[in-house]
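Heads up, the thing below is written out as structure tokens.
In our numbering, the protein residues as written are 16 to 386.
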């Protein structure tokens, strides 16, 4: 079974040993473990057998087990007797390494619960304009978690590397003087996971900001169908970000309130920090959606302006040919009483008028600023 356990004493990465530790230290069917050691159980790429073992051993509510078996559930936080069940979503850019590392330094998080972690800020200025190839889709991943006073259980896909990053950071800090992460409580580990999840939204929003900058620079010069398709890709990406960020924001609002179940008072400030991040994500997504709507309006205006320019040019050409047609028709009449056809002066006068009249009309159009 692909699972691993982190305790206050050691880290067990072998699936069989991890399961054996759970069965030896955690009473079967016990969701209230107030007198047991703290632990983090991480189940990776769960197969039906792993979910059956989790359901049978911990006796979690059947609705939560059903959510584990059915992917693509809406994010939520539900409070049960003895634990909290969480479904959270993050986002990643198709074809990128978004899931590999959310661009954090290894020492980003504080060594103890009293020191706030530094925050990343979305910088909109001095951003390089990306090529059109960076107009790509944004997708989402799903994370399930059970949180209690004494344990955190996460169920996730193998491709979710931000949880692996936390495991690697624990390995890198084993010999440091910093307290063990579990000494701050399982809720602090959940904060670490949700904090990295929030950063995936900022990475995605940075990417969409680059896309919008590119579209704004291109919409006037190249208002074609390909650009319109790129605008709709960006709009769809922002819809994905808002749709997945909304439940995470609502759930963190529950966990960050004073007296929230299974969140220690000293860790609520961290939950509020992540909640504020998700509020910023939601507001940035709204702002970028308005900007994308502006790009779409500019596209439509540019198309209409180009159409007006084409129609104006065609009208000018038609207007120039109108007197030429009159001169040719008048000079081509078969009545010798009007035009002496044998007079060379009349012939060359008609020829000259075919040149002089269009030139005079073009000069008049130019002075009138029609062209």
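Idealized CB from N, CA, C, for every residue including glycine.
According to DSSP, residue pairing for residue 28 in a beta bridge does not occur. Around the C-beta of residue 252, 16 or more other C-beta atoms lie within 10 Å, and the residue is accordingly described as buried. Between residue 320 and residue 160, the alpha-carbon positions lie close to 54 Å from each other. In this structure residue 205 is not in contact with residue 242, their Cβ atoms being roughly 43 Å apart against a cut-off of 8 Å. Annotation for residue 275: no alpha helix (DSSP H) segment contains it, and DSSP assigns it neither H nor E.
Around the CB of residue 322, fewer than 16 other CB atoms lie within 10 Å, so the residue is classed as exposed. When rounded, the separation of the alpha-carbon atoms in residue 262 and residue 295 is 14 Å.
Shown here, residue 154 sits in a strand according to DSSP, grouped into three states.
Of 64, 150, 44, the smallest CA-CA separation from residue 73 is found for 44.
Here the alpha carbon of residue 329 sits roughly 16 Å from the alpha carbon of residue 340. DSSP places residue 55 inside the beta strand (DSSP E), whose first and last residues are 54-59. For residue 281, the three-state secondary structure derived from DSSP is helix. In its chain, beyond the 5 residues on either side, 18, 19, 20, 27 have a beta carbon closer than 7 Å to the beta carbon of residue 33. The C-beta of residue 324 has fewer than 16 other C-beta atoms within 10 Å across all chains shown, which makes the residue exposed. Where residue 43 is concerned, there is no enclosing alpha helix (DSSP H), because DSSP gives it neither an H nor an E. The beta carbon of residue 90 is closer than 7 Å to those of 102, 103, 104, 259, 262, 263, 266 in its chain, skipping five residues each way along the sequence.
Sorting 150, 277, 155 by C-alpha distance to the C-alpha of residue 225 places 150 at the top. Listed in chain order, the beta strand (DSSP E) elements of length 3 or more contained wholly in the stretch 160-192 are 166-171. Its chain contains 100 as the residues whose beta carbon lies nearer than 6 Å to that of residue 93, once the 5 sequence neighbours on both sides are disregarded; these appear in chain order. Nearest to residue 40 by alpha-carbon distance, out of 61, 81, 53, is 53.
In the DSSP assignment, residue 100 is bridged to 93, 161. Between the stretch 194-203 and the stretch 275-288, the count of Cβ pairs shorter than 8 Å is three or higher; the stretches touch. The DSSP-derived three-state label of residue 212 is helix. Residue burial is scored here from C-beta neighbours: residue 85 has fewer than 16 other C-beta atoms within 10 angstroms and is therefore classed as exposed. Taking 8 Å as the cut-off, the beta carbon of residue 58 is found closer than this to the beta carbon of residue 169.
Residue 18 is bridged by DSSP to 58.
In chain order, 157 place their CB closer than 8 Å to the CB of residue 87, counting only its own chain and leaving out the 5 sequence neighbours on each side. Among the bridge pairs identified by DSSP, residue 309 is matched with none.
Linking residue 271 to residue 298 through their CA atoms gives a straight-line distance of about 19 Å.
Between the alpha carbons of residue 367 and residue 374 lies a gap of roughly 11 Å. Fewer than three Cβ pairs drawn from the stretch 56-71 and the stretch 227-244 lie within less than 8 Å of each other, which leaves the two stretches out of contact. Each of 254, 334, 338 was checked against the Cα of residue 300, and the nearest Cα belongs to 254. For residue 78 and residue 64, the gap between their C-alpha atoms comes out near 17 Å. By the neighbour-count criterion, in which a residue is buried when 16 or more other Cβ atoms sit within 10 angstroms of its Cβ, residue 165 is buried. In the DSSP assignment, residue 373 falls within the unbroken alpha helix (DSSP H) covering 359-382. If you look at residue 23, you'll find it isn't in any alpha helix (DSSP H); DSSP assigns it neither H nor E.
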